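Engineer:
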Amino acid sequence: MRVAIVGPTYPYKGGGAQHTTELAHRLAAQGHDVVIESWRAQYPSFLYPGQQTISAPEGTPYPKTVRRLDWRRPDGWVAAGRRMRAADLVVLAVLSPVQVPAYLGILYGLRRLARTVALCHNVLPHERKPYDEPLMKALLKRVDGVLTHSEQQAGLARGLTRGPVGVAALPPHLPSTSVDRPAHAVRRRLLFFGIVRPYKGLDLLLRALPEGVSLTVAGEFWGGLDETEALIDELGLGDRVELRPGYVPADEVPKLFAAADALVLPYRNATASQNVWLGHEHGVPVIATRVGALADHVTDGVDGLLVEPGDVGALRAAIERFYASGEPERLRSGVKAVDPEPFWSAYTEALLGP
Numbered sequence: 001m002r003v004a005i006v007g008p009t010y011p012y013k014g015g016g017a018q019h020t021t022e023l024a025h026r027l028a029a030q031g032h033d034v035v036i037e038s039w040r041a042q043y044p045s046f047l048y049p050g051q052q053t054i055s056a057p058e059g060t061p062y063p064k065t066v067r068r069l070d071w072r073r074p075d076g077w078v079a080a081g082r083r084m085r086a087a088d089l090v091v092l093a094v095l096s097p098v099q100v101p102a103y104l105g106i107l108y109g110l111r112r113l114a115r116t117v118a119l120c121h122n123v124l125p126h127e128r129k130p131y132d133e134p135l136m137k138a139l140l141k142r143v144d145g146v147l148t149h150s151e152q153q154a155g156l157a158r159g160l161t162r163g164p165v166g167v168a169a170l171p172p173h174l175p176s177t178s179v180d181r182p183a184h185a186v187r188r189r190l191l192f193f194g195i196v197r198p199y200k201g202l203d204l205l206l207r208a209l210p211e212g213v214s215l216t217v218a219g220e221f222w223g224g225l226d227e228t229e230a231l232i233d234e235l236g237l238g239d240r241v242e243l244r245p246g247y248v249p250a251d252e253v254p255k256l257f258a259a260a261d262a263l264v265l266p267y268r269n270a271t272a273s274q275n276v277w278l279g280h281e282h283g284v285p286v287i288a289t290r291v292g293a294l295a296d297h298v299t300d301g302v303d304g305l306l307v308e309p310g311d312v313g314a315l316r317a318a319i320e321r322f323y324a325s326g327e328p329e330r331l332r333s334g335v336k337a338v339d340p341e342p343f344w345s346a347y348t349e350a351l352l353g354p
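Residue numbering for the sequence shown follows UniProt numbering, beginning at 1 and increasing consecutively.
1. Pull up the CB-CB distance for Trp-222 and Arg-197, whole angstroms please, since I reckon it's below 8 Å.
2. Give me the Cβ distance between Val-213 and Ile-319, rounded to the nearest whole Å; I'm assuming they're in contact under 8 Å.
3. Are the region 242-252 and the region 293-312 touching by the rule of at least three beta carbon pairs closer than 8 Å?
4. Cβ of Trp-344 within 8 Å of Cβ of Arg-26?
5. Roughly how far, in whole angstroms, is the beta-carbon of Arg-189 from the beta-carbon of Asp-261, given that I think they are within contact range, below 8 Å?
6. Have a look at Val-217 and Ala-169 and give me their C-alpha separation to the nearest angstrom.
7. At 4 residues or longer, and completely inside the region 95-135: list those alpha helix (DSSP H) runs for me, N to C.
8. Name the two residues that bound the continuous alpha helix (DSSP H) containing Ser-325.
9. Does DSSP put Arg-260 in a helix, in a strand, or in coil?
10. Once the 5 residues before and after Thr-177 are set aside, which same chain residues still bring their CB inside 6 Å of it?
11. I'd like to know whether the C-beta atoms of Leu-215 and Phe-192 end up nearer to each other than 8 Å.
12. What ranges does the alpha helix (DSSP H) occupy inside the region 135-214, keeping only unbroken runs of at least 4 residues that lie completely in it?
13. When you compare only the Cα positions, how much space is there between Arg-142 and Asn-122?
14. Return the CA-CA distance between Trp-277 and Thr-20, expressed in angstroms with no decimal places.
15. Would you give the residue range spanned by the beta strand (DSSP E) that Thr-60 belongs to?
16. Who are the Cβ neighbours of Val-90 in its own chain at under 6 Å, not counting the five residues just before and after it?
17. Does Thr-60 pass the burial test, meaning 16 or more other C-beta atoms within 10 Å, or should it be called exposed?
18. Going by DSSP in three states, Leu-225 sits in which element: helix, strand or coil?
19. Give me the residue from Arg-67, Arg-111 and Glu-252 with the minimum Cα distance to Ala-86.
20. Do Glu-22 and Val-66 have their C-beta atoms closer together than 8 Å?
21. Return the CA-CA distance between Ala-258 and Pro-249, expressed in angstroms with no decimal places.
22. Of all the options Glu-308, Ala-317, Ala-314 and Gly-279, which has the alpha carbon lying nearest to the alpha carbon of Val-338?
23. Please list, in chain order, all residues of the same chain as Val-312 whose beta carbon is under 6 Å from its beta carbon, the five residues on each side excluded.
24. With a CB to CB cut of under 8 Å and the five nearest residues on each side skipped, what residues in its chain are close to Val-78?
25. Measure how close the beta-carbons of Leu-265 and Val-284 come, nearest whole angstrom, since I'm counting them as under 8 Å.
26. Do Gln-51 and Trp-71 have their CB atoms nearer than 8 Å?
27. Here's the rule: buried if 16 or more other CB atoms are within 10 angstroms of the residue's CB, otherwise exposed. What is Tyr-10?
28. Grab the span of the alpha helix (DSSP H) containing Leu-23 for me, first residue to last.
29. Suppose you measure from the CA of residue 413 to the CA of Ala-80; what does that come to, to the nearest Å?
30. Look at Arg-268 and Gly-201 and say whether their C-beta atoms are less than 8 Å apart.
31. Spatial neighbours of Lys-13 within its chain, please: CB distance less than 8 Å, with the 5 preceding and 5 following residues excluded, ordered by chain position.
32. Of the choices Gly-219, Ala-314 and Val-165, whose alpha-carbon is the least far from that of Thr-148?
33. How many angstroms separate the CA atom of Thr-271 from the CA atom of Gly-219?
34. Leaving aside the five residues before and after Ala-157 along the sequence, list all residues of the same chain whose C-beta is less than 7 Å from its C-beta, in chain order.
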């Protein structure tokens, strides 16, 4: 089958780019003829305030990649659609409604000469704007099918289109799958890792942090540092919270996890996330809220702890329970790295369809 995937890949960073790249590799390994149609310029900087690209890849780049798409060039969107008319399947990786105008241009250029699937990482953003729903509705009703990563997201999609909507669990697409796990002494230090946005609940974690426990926060701050620094000062946590703002290169990630007793994911809401698997890949237990797919990947009391979202008291109690005598070591012993093969097999089967 000839497959064109439209989405971010290296030099773009993050889970979306890693997923696009790994999906192309997996489909090519199955014998399909795959090309990635990627971006030369994906978003205007004011819509994505963080670092968009990186100088060193987070995995193995996919060789058959075309980087011509530009958010400023509608003529290029239509031209990309024309280039893909010979494909059997065109996959549009949807990370944000901001991409929809470009995807509509691609669909116009395709002229329905290839089957199209909107692969929705998020059907609607966690923090929504008035234009998000109309844009997504315009896209989803023009494609032949939609693939989401959870039943909750599928429900959102079905509210925007009468077309077929499928569900496939987001498979592991970690930048590294060979991490040494050295012996670990309990340090009473936790880790919050990844882009800091309101829905991820860092403020809840700061308010829940028990006495005698430290925290490292590593990642890009979506709206700047001021609000977080003010909260740290208000709570008197300056000597126990280390902020490491900015993108963390892949070769620095193992050291961050090695210094932590657990990864904490205090999300208010979530769809699908790689962070539980990332923690487990580095041998670290995960304390997470029962939202989205997070709860599916943590076995409560075995390789981490689960807590209800939005509850500072419950989160503090879970951290205190984690640090009960012998618990960090016991939970760490229960951590197992994920086997990606079954996930990818089911995922590509769902994407390719009958």
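Even glycine gets a Cβ: it sits at the ideal position worked out from N, Cα and C. Here the structure is a predicted model, which is why all the values come from computation and not from measurement.
Structural biologist: On the basis of the coordinates in this document:
1. Their Cβ separation, rounded to whole angstroms, is 4 Å, which keeps Trp-222 and Arg-197 in contact under 8 Å.
2. That pair is a contact at about 6 Å.
3. Not touching, per the Cβ criterion.
4. One thing to note: Trp-344 has its Cβ within 8 Å of the Cβ of Arg-26.
5. 6 Å between Cβ atoms; contact.
6. Across the structure, Val-217 and Ala-169 are spaced so that their CA atoms are roughly 28 Å apart.
7. Counting only runs of 4 or more, we get 100-110.
8. Looking at the DSSP string, Ser-325 is not in any alpha helix (DSSP H), and its letter there is neither H nor E.
9. Note on identity: in this sequence residue 260 is Ala, with Arg being the wrong assignment. In the displayed model, Ala-260 falls within coil according to three-state DSSP, outside both helix and strand.
10. Note that Thr-177 scores 45 on pLDDT, short of 50, meaning its location in the model is unreliable and no value can be drawn from it.
11. With contacts defined as CB atoms closer than 8 Å, Leu-215 and Phe-192 qualify as a contacting pair.
12. Complete alpha helix (DSSP H) runs here, min 4: 151-158 and 202-208.
13. Those two C-alpha atoms are separated by around 17 Å.
14. Their backbone Cα atoms lie some 18 Å apart in a straight line.
15. First-last for Thr-60: undefined, no H or E at that position.
16. Take Val-90, set aside five residues on each side of it, and the residues of its chain with a beta-carbon closer than 6 Å to its own are Ala-4, Met-84, Ala-114 and Thr-116, in chain order.
17. The residue in question, Thr-60, is exposed, as its Cβ has fewer than 16 Cβ neighbours within 10 Å.
18. It is coil, neither helix nor strand.
19. Selected option, being the one with the closest Cα: Arg-111.
20. No, Cβ-Cβ distance for Glu-22 and Val-66 is not below 8 Å.
21. Distance between the alpha carbons of Ala-258 and Pro-249 is about 15 Å.
22. Per the Cα distances, Gly-279.
23. Excluding positions up to five away in sequence, the list reads Leu-204, Arg-207 and Ala-208.
24. Excluding sequence neighbours, Val-78 sits near Gly-105, Ile-106, Tyr-108 and Gly-109.
25. Wrong, their Cβ atoms sit about 11 Å apart, outside the cutoff.
26. Contact: no.
27. Result: buried.
28. Counting along the chain, the alpha helix (DSSP H) containing Leu-23 begins and ends at 15-29.
29. Absent from the structure is residue 413, since the part of the chain shown begins at 1 and ends at 354.
30. A distance below 8 Å separates the beta carbons of Arg-268 and Gly-201.
31. The beta carbon of Lys-13 is closer than 8 Å to those of Gln-51, Gln-52, Thr-53, Ile-54, Glu-58 and Tyr-247 in its chain, skipping five residues each way along the sequence.
32. When only C-alpha atoms are compared, the closest one is Val-165.
33. Cα to Cα, Thr-271 sits roughly 19 Å from Gly-219.
34. Around Ala-157: Cys-120, Val-123, Leu-140, Val-146, Thr-148 and Val-165.
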